[in-house]
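Numbering (this note's numbering), first residue to last: 100 to 960.
No residue lacks a Cβ here, since even glycine has one placed at the ideal position from N, Cα and C.
Just so it is clear, the structure is predicted and the values come from calculations on it, not from any experiment.
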């Protein structure tokens, strides 16, 4: 059984309440990684009430804190009496947090309180405490040894007077016997436990009389503990006020599973006016969209008449469509308060893209119909990827497939008056795709395109337009004597500085701009800068941003660019910060990150040179991180080095401290590789001592069995020698290239490997990371982790390069819970520190504080 310190640790894991056959046998089950742990309600109540203050507590633990604290309060005043209104509200809210199914959460809380009551010591009897006891509550006494269940069974053919049969079941306290039906109470049973239960059960039923008339009939011996109840009596069992009396008397109502029906809402969004042929103005201010509500019980959509029936029910319990349903009355009323309302064009666009909308603080599923459904389909990634695109006849040159897809993506957005970010890698032809878009649009409109770019690429734009679209007018709007008169079509190219100075002239130009393009859009990532503000003043049918810099790394920059291309999509800056930026950047909210990704996906197109289909002559690269556990020997060495070296670091300063940090990190990486490397052993046993080496064996055996070829990179020549000795013992052909290998020997090794004479090529990362063509390999293993991913990529590119005809599988071996995993996480999540690590290696980590360094290197089990 866990101790209290153990329970405090367990608070971080998900918890479930597990009712026992008797209340005293009930347990909390904590689902920890090392297996489930169980604790009684009384053992857990203290840590639970304290654990709510622990920010790392699991959400399920926090949900159970309310009934736990409430129980302490009630027990302190003399017994588990009826809760007051405030406590009852807390219980109802806690029930919904624990289980969203109506009644299920309340049932679990009832069982929890009964479990506490069975073994709770009686409080001191004082007038102040006695004053709190409800007249209908159980008297505070140790003689109460039973709890009860009212089990509901619906009649197959209910009438206006008969709805269900309710049967009483009695549960003795632990050790006194098994549960039994109340029919035994009236059958003349001679069993002592049954005889002992008769008077308490009758007393309990008498206390229910005023609230529930059926209780009087149930006391009659002829009922044998089961009565047929009317619809009103059945509804009373679900009454909120009656729930307090039931709880005080240790009575639980067990509803049939088919009763619990979830009330769900969805909305259908539609455009209130026919869009006609003016699709480009559909999402501009002044356009009207509305949504109509749909309410469903399970999969059944309810009619307006049925909604009225739900609204008129006393407590949400009624018969509908030949079955009994029980729904949250408060939720019914909230739904009925919502009427058809108008929404903004951007709200309608978000609904079309994500299929949901936040209404009255709740996420609601949204369906789109008619024209808006067509918009949803046109903006879908699937439609973008599979739909064909046609190159403009006037374009001089041939677009690649991915460029045709980019052209179609831009066309779909612009046709709707929307903008987006084309964020392809540098060199993939963003300029020619934009020129193709202009030529395609010129078939239906003569409006000119304004390109704003850095001065350094102004001449390149002119040359590219003349090269791919000869005959199209192009005006350089820059320098002394610049003017716009006579510009009615073609291109106008200008710089950010000129645009900022002349934004009034550009914004008032007639006949207006068909497109405004921001090239190298990182220049407008600061929305408060004058350049960004000036660019916003220039109107256009649509706006496009071109950048080779990934925009997802800084969410505020992403907002700034998208709010220019598609104003209002992400809300105001403050709304974006509260809804998306803070949860994702500060709390690493994965659900929010997925939601933001889904919202922006139709408006951001990002392709990399390494993406499949972008450079079709190069096969794909498949990367896998293998998470590996340390062996017992490695764990002992790792913890000893951390403990001893951190003690030295805490008392050191300056150069000595930095040297100790580098030494610590190096030794930990060596231990992660193999104890023999750290201990400087040369001929000791290797097998079974390193988790990495075991996984390495599995990979090598599979690769060799499939006639594959593999490059094995390690940053340590000593580890390379251990690997080669291990391969020799397994009789696997191999060779080892390191810093001491001569140029002639290197060339011979490369030739042998490329000729297929051996399957395994072990290489020192520094000696062989660049300058070699090893396309024979279809696997690359990074045995140890180099902190700079660019160095790893360069090494991988020895195999994944032009001339490679097979897929290349890249394997990174990472010890779980160690410094290797810590650095990988830093690279992924903390960009500022990650940049320092990437650029400076271990040296950048020498400036960490003692506490930050200790957290970085500690072994997480």
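Residue i and residue j closer than 8 Å at C-beta
| i | j | result |
| --- | --- | --- |
| residue 734 | residue 763 | no |
| residue 324 | residue 281 | yes |
| residue 657 | residue 591 | no |
| residue 791 | residue 880 | no |
| residue 477 | residue 467 | no |
| residue 642 | residue 527 | no |
| residue 352 | residue 393 | no |
| residue 576 | residue 593 | yes |
| residue 634 | residue 623 | yes |
| residue 767 | residue 825 | no |
| residue 863 | residue 830 | no |
| residue 720 | residue 907 | yes |
| residue 531 | residue 618 | no |
| residue 311 | residue 332 | yes |
| residue 949 | residue 747 | no |
is_contact[residue i, chain C] using C-beta, thresh 8 Å
| i | result |
| --- | --- |
| residue 307 | Within the model displayed, chain C is absent; a lone protein chain is all it includes. |
Residues bridged to residue i (per DSSP)
| i | result |
| --- | --- |
| residue 645 | 521, 618 |
| residue 723 | 910 |
| residue 976 | The displayed coordinates of the chain run from 100 to 960. Any statement about residue 976 would go beyond what the structure contains. |
| residue 629 | For residue 629, which the question treats as bridged, DSSP gives no partner whatsoever. |
| residue 465 | 366 |
| residue 167 | In the DSSP output, where bridge partners are listed per residue, residue 167 has none listed. |
| residue 320 | DSSP lists no partner for residue 320. |
| residue 863 | 813 |
| residue 576 | 593 |
| residue 880 | 811, 910 |
| residue 922 | Per DSSP, none; premise fails for residue 922. |
Distance, residue j Cα to residue i Cα
| i | j | result |
| --- | --- | --- |
| residue 154 | residue 758 | In this prediction, residue 154 has a pLDDT of 35, which is less than 50 and means its spatial position is unreliable; nothing more can be read from the coordinates. |
| residue 443 | residue 670 | 11 Å |
| residue 268 | residue 349 | 12 Å |
| residue 667 | residue 674 | 10 Å |
| residue 912 | residue 882 | 6 Å |
| residue 231 | residue 278 | Residue confidence is low: residue 231 scores 32 on pLDDT, short of 50, so the model does not pin down where it sits. Its coordinate-derived value is still stated next. If you take the alpha carbons of residue 231 and residue 278, they lie about 31 Å apart. |
| residue 695 | residue 676 | 12 Å |
| residue 55 | residue 699 | Lying before the first or after the last residue shown, residue 55 is absent from the chain, which here runs from 100 to 960. |
| residue 918 | residue 958 | 8 Å |
| residue 595 | residue 630 | 7 Å |
| residue 319 | residue 291 | 21 Å |
| residue 95 | residue 301 | Look at the range of the chain in this structure, 100 to 960, and you will see that residue 95 is not part of it. |
| residue 872 | residue 845 | 12 Å |
| residue 891 | residue 813 | 10 Å |
| residue 479 | residue 498 | 23 Å |
| residue 765 | residue 897 | 26 Å |
| residue 724 | residue 450 | 37 Å |
Neighbour-count burial assignment, residue i, 16 or more Cβ in a 10 Å radius
| i | result |
| --- | --- |
| residue 754 | exposed |
| residue 270 | buried |
| residue 504 | buried |
| residue 518 | buried |
| residue 539 | buried |
| residue 876 | buried |
| residue 248 | buried |
| residue 520 | buried |
| residue 922 | buried |
| residue 55 | With the chain running from 100 to 960 in the structure shown, residue 55 is simply not present. |
| residue 712 | exposed |
| residue 401 | buried |
| residue 415 | buried |
Start-to-end residues for the beta strand (DSSP E) that takes in residue i
| i | result |
| --- | --- |
| residue 914 | 907 to 914 |
| residue 252 | 245 to 253 |
| residue 834 | 833 to 836 |
| residue 270 | 263 to 271 |
| residue 327 | 325 to 328 |
Residue i: first and last residue of the uninterrupted alpha helix (DSSP H) it sits in
| i | result |
| --- | --- |
| residue 713 | Per DSSP, residue 713 belongs to no alpha helix (DSSP H) and is neither H nor E. |
| residue 506 | 500 to 514 |
| residue 564 | 557 to 567 |
| residue 492 | Segment: none, residue 492 is in no alpha helix (DSSP H) and carries neither H nor E. |
| residue 752 | Careful: residue 752 lies outside any alpha helix (DSSP H) and carries neither H nor E. |
| residue 408 | 403 to 411 |
Closer than 7 Å: residue i CB and nearest the ligand ATP heavy atom
| i | result |
| --- | --- |
| residue 959 | Judged by which ligands are present, the structure shown has none, so any question about the ligand ATP falls away. |
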